[in-house]
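All remarks here apply to the structure that follows.
Protein chains: 2
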Amino acid sequence: MYDCIIIGTGAAGISAALTLKARGKNFLLMGSKGLSPKISAAEKINNYPGLPAVDGEQLKAALLRSLESAGIEITPAQVTGVYDMGGHFGVLCGQDSYEAKTIILATGVEAVKPVPGELEFLGRGVSYCATCDGLLYKGKKIVVVCTSKDMEEEAEYLASLASEMYYAPLYKGAALSGENVHIIGGMPQAIEGGMRVERVVFKDRTVECDGVFMLKSALAPSALVPGLKAEGGHVLVDRQCRTNLSGLFAAGDCTGRPYQYAKAAGEGNVAAHSVCDYLADKK
Amino acid sequence: MYDCIIIGTGAAGISAALTLKARGKNFLLMGSKGLSPKISAAEKINNYPGLPAVDGEQLKAALLRSLESAGIEITPAQVTGVYDMGGHFGVLCGQDSYEAKTIILATGVEAVKPVPGELEFLGRGVSYCATCDGLLYKGKKIVVVCTSKDMEEEAEYLASLASEMYYAPLYKGAALSGENVHIIGGMPQAIEGGMRVERVVFKDRTVECDGVFMLKSALAPSALVPGLKAEGGHVLVDRQCRTNLSGLFAAGDCTGRPYQYAKAAGEGNVAAHSVCDYLADKK
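Residue numbers (this note's numbering), protein chains in the order written: chain A, 1 to 283; chain B, 284 to 566.
Structure representation (structure tokens):
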């Protein structure tokens, strides 16, 4: 049982990890080894104190150096669900599961809002995770929406399973091909069906399908953690980064604006201190 | 009239300044050009994201580089009072005064708690500012308590005015001498008197005097800003770093624990965004 699992490798997650390490806690830092796709895309960051006028790649390199210097490794897992087990938490990553006394959510915000029907059909034909649910759609017809080049690999895996795959990349330079792959442009307008997903509506056409994969670099927190209070897509937290679930904390963009590296790093630090306080109280 | 005056040059104040600069605001950053005495004393900081395993001097140098790179100068003033003028603020620095539409308090925390009687006799024999009130004590008998080597210069100035000066340095290596200077050890236990200060009680002795100077690198926020809500020595703020006074924001250690550079930098960023929102709403 870990003291804490930190979900997300942006500035908030990394800041939390550095502080938990300094406090001698036993934790996992889960997310992408490439940190967030957004950070690499940042052109110029003039207001992260101590790193004058860096671009996204330089800030990313500096954050990775901090992790290395502290001896912290990223566990490259895509978390698909967090469950409050009453006193501790279960974290699902596809087939793997982990347990921890506390959680710090630092998942960022997905610029892409949920499509109408997406949350409604989650688990009934809508999936966020190719590794977890891909096999359920072997030989079936699926739609795959992918928000980032990073995740193209997951889409390739799905293409290897599906009979027909309609691929909607929301990024430039999609490089996915195959006899069964049909590229379609744009964001879905709606996901529709009865008991399960039956079709996805795009601007120009409607695709009948058995399932929809929404491959996103960040999930809506309310999709990730049942029972978590959120408002306008942001996790509700107090000044100590506590959520409505005891032992579960949140930090960074997922808690709301401003979407800024300094703010995220600050909240990661606060959340980590709150974890330490919480663990001390439980003893 | 400035858009904002930031009071304090720790990580919170600098972070706020970088963001206000990026947003094109017209502001002053007031405080010590040497930043805070605490930062130089920090031995090793392992959890400021992006600056792996720096010591205090290195972090200080990095923060100063950020200011320089952004073209921000520190106005080296010691703020002695902030007054809500209804719609804007007056900032007093000894004889000088400034006006601004908004204020960001980033004054840090003074490790030294107020002495019993200190706040009670403030303005009636207790002063925080040698430059402002020194001349009132020309030829008089005073007690001077100084928390930091940095401020010894102010104590010297007071020694040049007073007939007798009892000097209580709360730091090591005090280098103040003079026929009229009497060094005494330790923290005062109480400041006492009737309408005005009459004496200061130390552990071993009681000193009769006309006035007491408490030279501190950070002032209690409630001593600085009349009407400001504080609790346990910390300014009460919400998640947007808003205080109970409209247009006045606070960030960093002065808002409470954890006393951490990352947390302070994060709050400075948030406070600056709140200033921008406030100014936009007022238009």
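Note that CB positions come from ideal geometry on N, CA and C, so glycine has one too.
Source: prediction; values computed, not measured.
Measuring CB atoms only, is the region 80-96 of chain A touching the region 176-190 of chain A, in the sense that at least three cross pairs come out at less than 8 angstroms?
no
Would you mind stating whether A/Ile7 and A/Ile104 have Cβ atoms separated by less than 8 angstroms?
Locating residue 7 of chain A in the first sequence gives position 7, counting from the first residue. Locating residue 104 of chain A in the first sequence gives position 104, counting from the first residue. The answer is yes: Cβ separation under 8 angstroms.
Just confirm the distance between the C-beta atoms of A/Pro324 and A/Thr107, as a whole number of angstroms; I'd bet it's less than 8 angstroms.
Past the boundaries of the shown model lies residue 324 of chain A; chain A is included only from 1 to 283, so the question cannot be answered.
Who are the neighbours of A/Arg242 on chain B, taking C-beta pairs under 9 angstroms?
Looking up residue 242 of chain A in the first sequence gives position 242. Under the 9 angstroms cutoff, chain B gives no residues; its nearest Cβ is about 12 angstroms from A/Arg242.
Residues of chain A with CB closer than 9 angstroms to the CB of B/Thr253, please, in chain order.
Nothing can be reported for residue 253 of chain B: it is not among the residues displayed for chain B, which extend from 284 to 566.
Coarse secondary structure for A/Cys93, derived from DSSP in three states:
For this step, residue 93 of chain A is matched to residue 93 along the first sequence. A/Cys93: strand per DSSP, three-state reduction.
Which runs of the alpha helix (DSSP H) spanning at least 4 residues fall entirely within the region 467-555 of chain B, listed in chain order?
504-507
Which ranges would you report for the alpha helix (DSSP H) in the region 21-63 of chain A if only whole runs of at least 4 residues count?
37-41
Could you compute how far the alpha carbon of A/Val143 sits from the alpha carbon of A/Thr131?
Here residue 143 of chain A corresponds to residue number 143 of the first sequence, with the count starting at 1. Here residue 131 of chain A corresponds to residue number 131 of the first sequence, with the count starting at 1. Straight-line Cα distance between these residues: approximately 16 angstroms.
When the Cβ atoms of the region 242-257 of chain A are set against those of the region 144-157 of chain A, are three or more pairs found closer than 8 angstroms?
no
Below 7 angstroms on C-beta distance, what does B/Val553 contact in chain A?
One-based indexing of the second sequence puts residue 553 of chain B at position 270. Going along chain A in sequence order, the residues near B/Val553 (Cβ under 7 angstroms) are Pro258 and Lys263.
Where B/His338 and B/Ile328 are concerned, what is the direct C-alpha to C-alpha distance, given to the nearest angstrom?
Within the second sequence, residue 338 of chain B is the residue found at index 55, counting from 1. Within the second sequence, residue 328 of chain B is the residue found at index 45, counting from 1. Reading off the sequence, residue 338 of chain B comes out as Asp, not His. Near 6 angstroms, if we compare the C-alpha coordinates of B/Ile328 and B/Asp338.
Whose Cβ in chain D lies nearer than 7 angstroms to the Cβ of B/Leu342?
Absence of chain D from the displayed structure is noted, the protein chains being A and B.
So A/Ile146 is in the beta strand (DSSP E); what residue range does that whole segment cover?
Looking up residue 146 of chain A in the first sequence gives position 146. For the sequence presented, residue 146 of chain A should be read as Cys rather than Ile. Its beta strand (DSSP E) spans residues Lys141 to Cys146.
Output the distance between the C-alpha atoms of B/Gly461 and B/Ser352, rounded to the nearest integer angstrom.
Along the second sequence, read from residue 1 onward, the residue named residue 461 of chain B stands at position 178. Along the second sequence, read from residue 1 onward, the residue named residue 352 of chain B stands at position 69. Answer to the nearest angstrom: the Cα atoms are 43 angstroms apart.
So, is the C-beta of B/Ala294 closer than 8 angstroms to a C-beta in chain A?
Against the second sequence, residue 294 of chain B aligns to sequence position 11. Output row for B/Ala294: interface = yes.
With respect to the alpha helix (DSSP H) encompassing B/Ala438, which residues constitute its N-terminal and C-terminal limits?
Here residue 438 of chain B refers to the residue found at position 155 of the second sequence. Counting along the chain, the alpha helix (DSSP H) containing B/Ala438 begins and ends at Glu435 to Leu444.
Bridge partner(s) assigned by DSSP for B/Pro452
On the second sequence, position 169 is the one that residue 452 of chain B refers to. B/Pro452 pairs with B/Cys429.
Are the C-beta atoms of B/Ala513 and some chain A residue less than 8 angstroms apart?
As a first step, residue 513 of chain B is located in the second sequence; it is residue number 230 there, counting from the start. So no, B/Ala513 is outside the interface.
Measuring alpha carbon to alpha carbon, tell me which residue in A/His273, A/Ser32 and A/Glu57 is nearest A/Glu43.
Within the first sequence, residue 43 of chain A is the residue found at index 43, counting from 1. Measuring from the Cα of A/Glu43, the nearest candidate turns out to be A/Glu57.
Going along the chain, which residues of its own chain have a beta-carbon closer than 6 angstroms to the beta-carbon of B/Ala563, five neighbours each way excluded?
Along the second sequence, read from residue 1 onward, the residue named residue 563 of chain B stands at position 280. Cβ within range, chain order: n/a, list empty.
Going by DSSP, what residue range makes up the beta strand (DSSP E) through A/Cys129?
One-based indexing of the first sequence puts residue 129 of chain A at position 129. No beta strand (DSSP E) holds A/Cys129; DSSP gives it neither H nor E.
For B/Ile297, would you say it is in contact with chain A, using Cβ-to-Cβ distances shorter than 8 angstroms as the test?
Position 14 of the second sequence, counted from the first residue, corresponds to residue 297 of chain B. Chain A contact via Cβ: present.
Since B/Gly461 is in the beta strand (DSSP E), which residue starts that stretch and which ends it?
Taking the second sequence and counting its residues from 1, the one referred to as residue 461 of chain B is at position 178. Unbroken run through B/Gly461: none, as it is neither H nor E.
Is A/Ala106 helix, strand or coil when you go by DSSP?
In the first sequence, the residue the question calls residue 106 of chain A occupies position 106. In this structure, A/Ala106 counts as coil in the three-state DSSP scheme.
Alpha carbon to alpha carbon, what distance is there between B/Ser315 and B/His371?
Counted from its first residue, the second sequence places residue 371 of chain B at position 88. Counted from its first residue, the second sequence places residue 315 of chain B at position 32. Their Cα atoms are separated by approximately 24 angstroms.
Can you find the residues in the same chain that come closer than 8 angstroms, C-beta to C-beta, to B/Leu441, ignoring five residues on each side of it along the sequence?
Residue 441 of chain B sits at position 158 when you count from the first residue of the second sequence. Once the five neighbours on either side are set aside, the close Cβ partners of B/Leu441 are Ala413, Gly417, Tyr420, Ile425, Val427, Met448 and Phe496.
Per DSSP, cross-strand counterpart(s) of B/Val365
As a position in the second sequence, residue 365 of chain B is number 82, starting the count at 1. B/Val365 pairs with B/Val374.
Near A/Leu64, what residues of its chain come up, given a Cβ to Cβ distance below 8 angstroms and the 5 sequence neighbours on each side ignored?
Position 64 of the first sequence, counted from the start, is the residue given in the question as residue 64 of chain A. Correct list, in chain order: Leu35.
What first and last residue would you give for the beta strand (DSSP E) that runs through B/Ile355?
On the second sequence, residue 355 of chain B is found 72 positions in, with the first residue counted as 1. Premise fails: B/Ile355 is in no beta strand (DSSP E) and is neither H nor E.
Can you say whether A/Glu208 is buried or exposed, counting buried as having 16 or more other CB atoms within 10 angstroms of its CB?
As a working mapping, residue 208 of chain A is identified with position 208 in the first sequence. Looking at its Cβ environment, which holds fewer than 16 other Cβ atoms inside 10 Å, A/Glu208 is exposed.
DSSP on B/Leu419, reduced to helix/strand/coil?
Your numbering for residue 419 of chain B matches position 136 in the second sequence. Three-state DSSP puts B/Leu419 in a helix.
Taking its Cβ as the centre, do 16 or more other Cβ atoms sit within 10 Å of A/Pro114, making it buried, or is it exposed?
Here residue 114 of chain A refers to the residue found at position 114 when the first sequence is read from its first residue. Buried, by the Cβ-count rule.
Quick one, are the C-beta atoms of B/Leu301 and B/Tyr285 less than 8 angstroms apart?
For the purposes of this step, residue 301 of chain B is identified with residue 18 of the second sequence, where counting begins at 1. For the purposes of this step, residue 285 of chain B is identified with residue 2 of the second sequence, where counting begins at 1. In this structure, B/Tyr285 does not lie closer than 8 angstroms to B/Leu301 by Cβ.
Hey, out of A/Ser217, A/Leu215, A/Ser246 and A/Tyr259, whose CA is closest to A/His234's CA?
Sequence index remark: in the first sequence, residue 234 of chain A carries index 234 (1-based). When each option's Cα is compared against that of A/His234, the closest is A/Tyr259.
Hey, does A/Ala70 have any beta-carbon neighbour from chain B nearer than 8 angstroms?
On the first sequence, position 70 is the one that residue 70 of chain A refers to. Yes, A/Ala70 lies at the interface with chain B (some Cβ there is under 8 angstroms from its Cβ).
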